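What follows is a set of notes on a single structure, which appears directly below.
Protein chains: 2
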Amino acid sequence: MKLKDQNTESIILESARLIFMDKGLYGARMQDIANQAGINKALLHYYFRNKERLFDEVFGGALSKYFQKMDIISDESIPILERVLTYSERFVGFLSEYPQMSIFLIKEISSNQALFHIKVQGIKKNKKYSLLSLMSQGIETGEIPTLDPVIFLINLHSLCAYPFVAAPIFNAICQNSGIQWSDEKHQKLLYSIHEFIRFKLSKHPL
Amino acid sequence: MKLKDQNTESIILESARLIFMDKGLYGARMQDIANQAGINKALLHYYFRNKERLFDEVFGGALSKYFQKMDIISDESIPILERVLTYSERFVGFLSEYPQMSIFLIKEISSNQALFHIKVQGIKKNKKYSLLSLMSQGIETGEIPTLDPVIFLINLHSLCAYPFVAAPIFNAICQNSGIQWSDEKHQKLLYSIHEFIRFKLSKHPL
DNA sequence: ACTTTTGTTAACCATTTGGTTAAACCATGA
DNA sequence: TCATGGTTTAACCAAATGGTTAACAAAAGT
C-alpha cells in the first residue's frame, strides 16, 4: 500500500504545482487540483489536511529547487566572473523551464512575506555563499571592480527574470509591432545579459 | 445631485483602485471596496453594474495614465538619447508613485490578454511613437548605434520595473543581509539604469 | 405641495468553495 | 475467510461572496 500511497501523493503534488503556478493560492480551486489529479476532492484533504498545507508543500518545493540549481555560486574552483555568468544562465534556464515561477513567487511572497522568510531561512542555512556575499568577497580581494553589490544583484535579477515575468506585456508589444519572438531573440537576450555582467565585473579603462 | 453623484463615483473608483491594486481582480472582495469607500455594497452595483465593469474602469484608467506619462518619447525636439533617459526616469518615477502598478498589470494581463490588447490599441492610436519605432528610426538615421530594439526595450523595462515588481523578494534578501534600502540606493539604481542606456546608445569604441 | 428621478440601504438569494462525514473499497496478514 | 487498516468516494455542510430586490431618503422638476 506504500506504493500506491506514494504515487497518489506525488500526482497530487504535481497537479497542485500546475494549478497553483497558474492561478496562485487564492485563484486556485481545490476542485481544479482534484480534477487535474483525476481524484476526488476529499482525497486532497486526506493527504494534505487543507489548502494551505498543500500550498506550503508546493511553495517550499519550488523554492528549494530554485536554490539548489543556483548553488553554482558556492563553487570556489571557478572565478567569480565565470560563476556569475553561469548563475545568470542557470537562472534564465530555470525560468525557461518554469516560466510562471517568478510571477508565482512574487504573487505569493507579496501576500505572505512571513512564510517566505521562514522558508528561505531554512533553505539558506546550508548554503555557504549568496550572490551578495560572493560579490563582497570579490571586491575585497580585488577580483572584481568596486561596485554596489545590492544594485548589481537587482540589475542582474531584473535582466534575467523580468522578461519572463512580463512576458504577456512584451508579447502584446511585439504582436502589436508584428515582431516574432524566436530562439534567436532568446539567445540575443542571454547575450545582452552576459554583456552587462562583463561590463560591470570586468576592469575596463575609463 | 450631480455633485454628490460625481463625488461618490470617484470615491468608489479610488477605493476600488486601492483594493484591486493590492489584491487583484479575483483577490479583491466587493465588500472590501465598499468598506474602503464607506458605502453599502449594493451601491457599488448601482454605479458599476458588476465587478468586472468596475475593474475595467480601474484597469483602463491605470493604463491610460501610464501611456500619458510615457509620451515623452514623441517629443521630436529632444535627441533620442535624452528622450530615452527621460523615459526611464519617468518610468521609475511613475512606479515610485504607484509601486503596485506593474505587478497589477502583469497579474491581470496574464489572466486576460484580450482585454489588455483592446485597451492598448485604443490608447496607442493617438500616439505617434513607441519606444520601438523611435529606436528603429534612430538606427536608420545613425543617431544611435545599431542594436536590436526589442532586446533593448526588454532590458530597459526590466531594469526599471523589476525592482518594484520583485520588491518583496529584494526586501527579504536585503533584510536577510542586514542591508537597509534608502534614498541613496534608489538614486544609485536610477544611475545604473542611465549608465546602461548610455552604454547601449552611445557610440563607444570597440 | 407633490411627483419624479436619483442615490442609498438592509435584507435576501443563488452559487461557489473549502472542508467534513460516513460509508465503501481493497490489499494484506492472521 | 475474515478482520484490519489504509485509501477513496459520494453526499453533505457552513461560510463567503457576487449580485438582486424592495423599500426608503433626498434632490430636482413642476
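The listed protein sequences correspond, in order, to chains A and B. Heads up: the first sequence begins at 1 in this note's numbering, then just goes up one per residue. Heads up: the second sequence begins at 207 in this note's numbering, then just goes up one per residue. Even for Gly, the Cβ is constructed at its ideal location relative to N, Cα and C. Note that the structure is a prediction, hence the values are computed from the model and not measured.
### Query
Does DSSP classify ASP281 (chain B) as helix, strand or coil?
Taken through DSSP and simplified to helix, strand or coil, ASP281 (chain B) comes out as coil.
### Query
Does the separation of the CB atoms of ILE144 (chain A) and ILE80 (chain A) fall below 7 angstroms?
Their beta carbons are under 7 angstroms apart, which means ILE144 (chain A) touches ILE80 (chain A) by this criterion.
### Message
Using C-beta distances below 8 angstroms, list every residue in its chain close to ASP56 (chain A), excluding the 5 sequence neighbours before and after it, in chain order.
### Response
The residues are LEU115.
### Message
Between B:LYS229, B:TYR272, B:LYS334, which has its C-alpha nearest ASP281 (chain B)'s C-alpha?
### Response
Of the candidates B:LYS229, B:TYR272, B:LYS334, the one whose C-alpha sits nearest the C-alpha of ASP281 (chain B) is B:LYS334.
### Query
With 7 angstroms set as the bound, which would you pick, yes or no: does the beta-carbon of PRO99 (chain A) sit closer than that to a beta-carbon of chain B?
No, its Cβ sits nowhere closer than 7 angstroms to a Cβ of chain B.
### Query
Closest by CA to PRO168 (chain A), which one among B:SER316, B:ALA222, B:LEU301?
Among B:SER316, B:ALA222, B:LEU301, the Cα nearest to that of PRO168 (chain A) is on B:SER316.
### Message
Following a CB-centred definition, is SER302 (chain B) positioned closer than 6 angstroms to any heavy atom of the ligand GDP?
### Response
As presented, the structure is devoid of all ligands, the ligand GDP included, so that no description of it is given.
### Query
Since TYR26 (chain A) meets chain B, which of its residues come closer than 7 angstroms, beta carbon to beta carbon?
Residues of chain B whose Cβ lies closer than 7 angstroms to the Cβ of TYR26 (chain A) are, in chain order, TYR232, GLY233.
### Message
For ALA166 (chain A), tell me which candidate among B:ILE309, B:TRP387, B:LEU260, B:ILE399 has the shortest Cα-Cα distance.
### Response
Out of B:ILE309, B:TRP387, B:LEU260, B:ILE399, B:ILE309 has the C-alpha closest to the C-alpha of ALA166 (chain A).
### Query
Can you give the Cα-Cα distance for ILE239 (chain B) and GLY27 (chain A), rounded to whole angstroms?
Using only the alpha carbons, I get a separation of about 19 angstroms.
### Task
Evaluate GLN100 (chain A) with the Cβ neighbour count: other Cβ atoms within 10 Å of its Cβ, from every protein chain shown; 16 or more gives buried, anything less gives exposed.
By the neighbour-count rule (16 or more Cβ atoms within 10 Å), GLN100 (chain A) is buried.
#### Entry: Residues near HIS45 (chain A) in its chain [Cβ-Cβ closer than 7 angstroms; skip 5 each side]
For HIS45 (chain A), where only same-chain residues beyond five positions count, there are no Cβ hits under 7 angstroms.
### Query
Going by C-alpha distance, which of A:LEU105, A:TYR66, A:LYS107 is nearest TYR87 (chain A)?
It is A:TYR66 whose Cα lies nearest to the Cα of TYR87 (chain A).
#### Entry: Interface partners of PHE376 (chain B) on chain A, CB under 9 angstroms
By Cβ distance, chain A contributes VAL150, LEU153, ILE154, HIS157.
### Message
Assuming contact is defined by CB atoms lying nearer than 7 angstroms, are GLU215 (chain B) and TYR253 (chain B) in contact in what I supplied?
### Response
Cβ distance < 7 angstroms, so GLU215 (chain B) and TYR253 (chain B) count as in contact.
### Task
Just the chain A side, please: which residues come within less than 9 angstroms of TYR272 (chain B) by C-beta, in chain order?
Neighbours of TYR272 (chain B) on chain A: none; closest Cβ ~11 angstroms, over 9 angstroms.
### Query
Is GLY389 (chain B) helix, strand or coil when you go by DSSP?
A quick correction: the sequence has Asp, not Gly, at residue 389 (chain B). In the three-state reduction of the DSSP assignment, ASP389 (chain B) falls in the helix class, which pools H, G and I.
### Proximal chain B residues relative to PRO163 (chain A), where beta-carbon distance stays under 8 angstroms
Neighbours of PRO163 (chain A) in chain B, taken as residues at a C-beta separation under 8 angstroms, are given in chain order as ILE360, SER364.
### Query
Looking at chain A, which residues of the stretch 377-388 of chain B have a Cβ within less than 8 angstroms of any of its Cβ atoms?
Of all residues in the stretch 377-388 of chain B, the ones placed with a Cβ closer than 8 angstroms to any Cβ belonging to chain A are ASN377, ALA378, ILE379, CYS380, GLN381, ASN382, SER383, ILE385, in chain order.
#### Entry: Within 7 angstroms, strictly: CB atoms of LEU85 (chain A) and LYS119 (chain A)
It is not a contact, given that the beta carbons lie outside the stated cut-off.
### Query
Any beta-carbon of chain B closer than 7 angstroms to the one on LEU3 (chain A)?
Here LEU3 (chain A) scores only 43 on pLDDT, less than 50, and its place in the model should not be relied on; the value that follows carries that caveat. It does not: the Cβ of LEU3 (chain A) has no partner Cβ on chain B nearer than 7 angstroms.
### Query
By Cβ distance below 7 angstroms, which residues in the same chain neighbour LEU365 (chain B) in space, the five residues on each side in sequence not counted?
Excluding sequence neighbours, LEU365 (chain B) sits near ILE399, PHE402.
#### Entry: Buried or exposed by the 16-neighbour rule on C-beta atoms within 10 Å, applied to GLY348 (chain B)
It is exposed - the Cβ of GLY348 (chain B) has fewer than 16 other Cβ atoms within 10 Å.
### chain B contact residues for VAL120 (chain A), given Cβ-Cβ distances below 8 angstroms
Under the 8 angstroms cutoff, chain B gives ALA378, ASN382.
### Task
Give a yes or no on whether 7 angstroms exceeds the smallest Cβ distance from PHE297 (chain B) to chain A.
So, not an interface residue.
### Query
What span of residues does the alpha helix (DSSP H) with HIS323 (chain B) cover, start to end?
Taken as a continuous stretch (DSSP letters only), the alpha helix (DSSP H) holding HIS323 (chain B) covers 319-330.
### Query
LYS313 (chain B): buried (16+ other C-beta within 10 angstroms of its C-beta) or exposed?
With 16 or more Cβ atoms within 10 Å of its Cβ, LYS313 (chain B) is classed as buried.
### Task
Measure the alpha-carbon distance for LEU131 (chain A) versus LYS125 (chain A) and round it to whole angstroms.
The straight-line gap from Cα to Cα measures roughly 15 angstroms.
### Cα-Cα separation between GLY93 (chain A) and GLY244 (chain B), rounded to whole angstroms
Cα-Cα distance, rounded: 48 angstroms.
#### Entry: Beta-carbon proximity of ALA378 (chain B) to HIS157 (chain A), cut-off 7 angstroms
Cβ distance not < 7 angstroms, so ALA378 (chain B) and HIS157 (chain A) don't count as in contact.
### Query
Shortest alpha-carbon distance to LEU54 (chain A) belongs to which of A:ILE73, A:TYR98, A:LEU201, A:ARG29?
Closest by alpha carbon: A:ARG29.
### Task
Please report how far the alpha carbon of LEU18 (chain A) lies from the alpha carbon of SER302 (chain B), in whole angstroms.
Their Cα atoms are separated by approximately 33 angstroms.
#### Entry: Amino acids of chain A, ordered along the chain, whose beta-carbon sits closer than 9 angstroms to that of GLN319 (chain B)
Chain A residues near GLN319 (chain B): PRO168, ASN171, ALA172.
### Task
List the endpoints of the continuous alpha helix (DSSP H) containing LYS409 (chain B).
No alpha helix (DSSP H) contains LYS409 (chain B), which DSSP labels as neither H nor E.
### Query
Can you tell which of B:PHE405, B:ILE279, B:LEU311 has the C-alpha that lies nearest to the C-alpha of GLN296 (chain B)?
A small fix is needed here, since residue 296 (chain B) is Arg in this sequence, not Gln. Checked all of B:PHE405, B:ILE279, B:LEU311; the closest Cα to ARG296 (chain B) is B:ILE279.
### Query
What distance in whole Å lies between the Cβ atoms of LEU189 (chain A) and ILE385 (chain B), which are believed to be in contact at a cut-off of 8 angstroms?
By a beta-carbon distance limit of 8 angstroms, ILE385 (chain B) does not contact LEU189 (chain A). Their separation comes to about 29 angstroms.
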